[in-house]
Amino acid sequence: MAEPFLPFTRPTFDEATLAGVVDTFRSGWVTSGPRVVELESALEHYLGGDRRVLLFGHATGALEEALRVLGVGPGDEVIVPAMTFAASANVVLRVGATPVFVDVDLDTRNLTLQAVDAARTEHTRVVMPVHFAGWPVDLDPLYAWGQRQGVHIVEDAAHAIGARYRGRPIGSFGDLVCFSFHANKNMTTIEGGAVSLPLDHPEWIDGLERLRFHGLRKNTDGSYEVERAAGKHNLSDVAARVGLGQLSHLDDFNRTRRRLAERYFERLESNPWDLGLPARGDAGHAWHMFTVRIPFEKLGFDRTEFQARMRAQGIGVGMHYPALPPLALYHERCAWQPGQFPNAERIGRETVTLPLFPAMQIADVDRVVEAIGQALVNPG
Ligand SMILES: Cc1ncc(COP(=O)(O)O)c(C=O)c1O
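Going by our numbering, the first residue of the sequence shown is number 1385, and it counts up by one from there.
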């Protein structure tokens, strides 16, 4: 009998979460309410207890409003890695500022302080490091640099809930740290996101609360004032109830992800196909994705063909991501020339995302590795 299709990602929901969702429906209150407050508190506790967490409808909205609360707008520049999802750069454009791309490290896929420093101009207001696939950017030197330069850091931690940098959870320190709880993330609220903020910036907390919901400021007598034409980014209680169930398993999920990633390393470390493995990181890696580079040019066929050969063997393979500067929206704006971001462009051409999610077994990793051998027509 053919084995079931193995997708590259799939969320895991337990029965208690499903029952909790039904209870939330039955409670009669399904949009933002007590479950949102509960999940915000639970995330604050998870992050060590001295941060404020605000839930959003998605990380894209959280990132956009994080820039807005810092006053970033026309004439300002935000440094963004050339290898990330489009959302990281789009939010910069949406507030009227200019994304300035920097190349990334070939193995970690993360931006480097050296590249950030070289890209800094008098217009730089923010650096947006992306913790690619859950491996934290080297934050201490970046924050120290930001402080010296008067530049804020808005962390795109979409991949990094549960990741740790030098033992500290991502989001437990720093300026504005934005998580995604999209369905393919390490914990999900189906769609959703959050900002983690320091308590000693009440103006950011207050500003984001209003940017999250129509610009409303509530008065003590129950009336309200509208202070700006803000958007609407609130999360529903139904989604928050899903998140509460997910958060209770997050560390276990991430431990399983790490075990599976270790198996990929064991099986692929010495391979005859010249695959480029990702940086191994340490126990702080959240292993949101396991991405490898395949030298398609040398092999004489392309990624689409590879994905089709894997699919024919019952295995889903993703692609995260094309480099951003060559894409239509950005290439004229940043006057992109081929080869300008050599590592990001090479990753964009060669990367594939192998299956990795908590319900997978070690045997599934082995099956993926065997299928890769078949798909690449093992020269050995
Ligand atoms: C690096 C990065 N930033 C931002 C986002 C946007 O997250 P969301 O879908 O929650 O808006 C994503 C989504 O995949 C992402 O990968």
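Just so it is clear, CB atoms sit at the ideal spot from N, CA and C, and this is done for glycine as well. Every value quoted in this text rests on a predicted model; they were computed, and no experiment measured them.
Counterpart residues of residue i in DSSP-defined beta bridges
i     : result
I1537 : V1511
A1578 : L1439, F1563
P1465 : V1486
K1616 : F1597
V1736 : V1676
P1553 : R1548
V1610 : L1600
I1746 : Answer is none; I1746 lacks a bridge partner.
G1702 : T1737
Residue i - containing alpha helix (DSSP H), residue span
i     : result
G1629 : 1621-1631
L1427 : 1418-1430
F1674 : It is not in any alpha helix (DSSP H) - F1674 instead sits in the beta strand (DSSP E) that spans 1674-1677.
V1521 : Here V1521 belongs to no alpha helix (DSSP H), and DSSP marks it neither H nor E.
D1407 : 1399-1411
M1694 : 1687-1696
V1761 : Careful: V1761 lies outside any alpha helix (DSSP H) and carries neither H nor E.
Residue i Cβ short of 7 Å to ligand 1 heavy atom set
i     : result
A1542 : yes
V1511 : no
T1505 : no
A1517 : no
F1469 : yes
S1564 : yes
A1443 : yes
G1615 : no
G1555 : no
V1514 : yes
G1546 : no
S1580 : no
G1732 : no
S1472 : yes
G1627 : no
G1577 : yes
Residue i - containing beta strand (DSSP E), residue span
i     : result
L1447 : Unbroken run through L1447 is the alpha helix (DSSP H), 1443-1453; no beta strand (DSSP E).
R1647 : First-last for R1647: 1634-1652, but that is the alpha helix (DSSP H), not the beta strand (DSSP E).
V1479 : No beta strand (DSSP E) holds V1479; DSSP gives it neither H nor E.
Beta-carbon proximity of residue i to residue j, cut-off 8 Å
i     : j     : result
G1665 : W1519 : yes
T1354 : P1742 : In the structure as shown, the chain begins at 1385 and stops at 1764. Residue 1354 is therefore absent and cannot be evaluated.
H1442 : E1575 : yes
L1438 : A1578 : yes
T1572 : V1626 : yes
M1467 : A1663 : no
L1708 : A1544 : no
L1738 : F1392 : yes
V1475 : L1592 : no
A1473 : P1483 : yes
Proximity test, residue i beta-carbon vs ligand 2 heavy atom, cut-off 7 Å
i     : result
G1702 : The model depicted lacks ligand 2 and carries ligand 1 instead.
C-beta neighbour in chain C for residue i, strict 8 Å
i     : result
T1508 : No chain C is part of this structure, which consists of one protein chain only.
Count the CB pairs spanning the stretch 1735-1752 and the stretch 1397-1407 that are closer than 8 Å, and state whether there are at least three. no
Kindly confirm or deny that the stretch 1691-1703 and the stretch 1718-1726 touch, where touching means at least three C-beta pairs closer than 8 Å. no
Would you check if the stretch 1450-1464 and the stretch 1501-1517 touch, i.e. whether three or more CB-CB distances between them fall below 8 Å? yes
Examine the Cβ distances between the stretch 1645-1656 and the stretch 1423-1432 and report whether three or more of them are shorter than 8 Å. no
Taking one C-beta from the stretch 1411-1418 and one from the stretch 1611-1624 each time, how about it: are there three or more such pairs within less than 8 Å? yes
Report yes or no: do the stretch 1488-1506 and the stretch 1626-1635 share at least 3 C-beta pairs separated by less than 8 Å? no
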